[in-house]
Amino acid sequence: MLKGMASGTKEDGGETDGAEAVPGGRAGAGDGGGTGAAGGSAAAASSGKARRAPAGAAVLREDVTEAIRAAVFAELAAVGYGRMSIEGVARRAGVGKTAVYRRWRSKLHLVLDLVSAIALQGLPAPDTGSLETDLHLLYEVASRALRHPAASQIVPDLFAEAARNPDLQEALEKALREAQRSVAQGVLDAAAARGEIRAAVDRDLALDLITGPLYWRVLVVRTRTKRGYPAALAKTVAAGLREA
Numbered sequence: 207m208l209k210g211m212a213s214g215t216k217e218d219g220g221e222t223d224g225a226e227a228v229p230g231g232r233a234g235a236g237d238g239g240g241t242g243a244a245g246g247s248a249a250a251a252s253s254g255k256a257r258r259a260p261a262g263a264a265v266l267r268e269d270v271t272e273a274i275r276a277a278v279f280a281e282l283a284a285v286g287y288g289r290m291s292i293e294g295v296a297r298r299a300g301v302g303k304t305a306v307y308r309r310w311r312s313k314l315h316l317v318l319d320l321v322s323a324i325a326l327q328g329l330p331a332p333d334t335g336s337l338e339t340d341l342h343l344l345y346e347v348a349s350r351a352l353r354h355p356a357a358s359q360i361v362p363d364l365f366a367e368a369a370r371n372p373d374l375q376e377a378l379e380k381a382l383r384e385a386q387r388s389v390a391q392g393v394l395d396a397a398a399a400r401g402e403i404r405a406a407v408d409r410d411l412a413l414d415l416i417t418g419p420l421y422w423r424v425l426v427v428r429t430r431t432k433r434g435y436p437a438a439l440a441k442t443v444a445a446g447l448r449e450a
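Numbering-wise (our numbering), the sequence shown opens with residue 207 and increments by one.
Given below as structure tokens:
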């Protein structure tokens, strides 16, 4: 994600407030990256074949997109969602505001897109052959991710903001619930197939039991997990699921 982070200056031949890069490294005529009107007309007349690039021909450069994404996380960690602005993100990424608005139409959509992407790729789908060890692996990875300095600042801030923003609350719940529970659902399916838990176990209750304790401890109470906590939690939760 950080591979495209810019140094703070606009990219040569890249995106600015007026233009998206197009194949060949030239901005579309009239988008702020070409010559003046007279020069453009003269060039068109001399060639007799010049054509204005279609409106949909702009290429969304992946390195610029990655720079913007990295800048969003940095801005969220530095100032929080409430004070974050498109201008601040663009400035940190070294691009113009137009480059951001071409990809996301608002601050809310920008943040939600990133939260969804990170939630979906953040956790493994463990398959160790044992419910307890699957849960242990899941908790180890999740606890490390949640202890990351940026995550420890950004996630609580987003949930606090969500209490005042119904759109953000709904989207956060959907993104995190779908991502986290899809992984936990796989753990439950595998355990049921091995006969470790009943196939008819209440899945909603089981999923709450798997995902709830760690998030409560790290994000709500904000207590650091001690060495051995993921293993102890996995053992306790697995025992409870076997008896459910």
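We put the CB at the ideal spot given by N, CA and C, even for glycine.
Only buried fits residue 361, as 16 or more other CB atoms lie within 10 angstroms of its CB. A straight-line Cα-Cα distance of about 34 angstroms links residue 342 and residue 285. DSSP, reduced to helix, strand and coil, places residue 414 within a helical segment of the structure shown. Minimum Cα-Cα distance from residue 308 among the listed residues 268, 448, 339 corresponds to 268. Here DSSP, grouped into helix, strand and coil, assigns residue 369 to coil. With respect to residue 389, residue 352 sits apart: the two C-beta atoms are not nearer than 8 angstroms. Counting C-beta pairs with one atom in each stretch, the region 360-379 and the region 405-417 have fewer than three that are closer than 8 angstroms, which means they do not touch.
Taking a cut-off of 8 angstroms for Cβ pairs, the region 390-399 and the region 420-434 do not touch, as fewer than three such pairs fall below it. Here residue 381 is buried. Its C-beta has 16 or more other C-beta atoms within 10 Å. The criterion of a C-beta distance shorter than 8 angstroms is satisfied by residue 397 and residue 337.
Rounded to the nearest whole angstrom, the CA to CA distance from residue 427 to residue 419 is 10 angstroms. The beta carbon of residue 340 is closer than 6 angstroms to those of 332, 334, 393 in its chain, skipping five residues each way along the sequence. Of the other Cβ atoms in all chains shown, fewer than 16 fall within 10 Å of the Cβ of residue 400; this residue is therefore exposed. Of the residues assessed, residue 355 falls on the exposed side of the cut-off, its CB having fewer than 16 other CB atoms within 10 angstroms. When only Cα atoms are considered, residue 357 and residue 349 end up about 11 angstroms apart.
In summary, residue 378 is buried, with 16 or more beta-carbon neighbours lying within 10 Å of its beta-carbon over all protein chains present. Between residue 444 and residue 402, the alpha-carbon positions lie close to 9 angstroms from each other. Each residue's CA atom was taken as its position, placing residue 440 and residue 447 some 10 angstroms apart.
Spatial neighbours of residue 290 in its own chain (CB-CB distance under 7 angstroms, excluding positions within 5 residues in sequence) are listed in chain order as 281, 282, 313.
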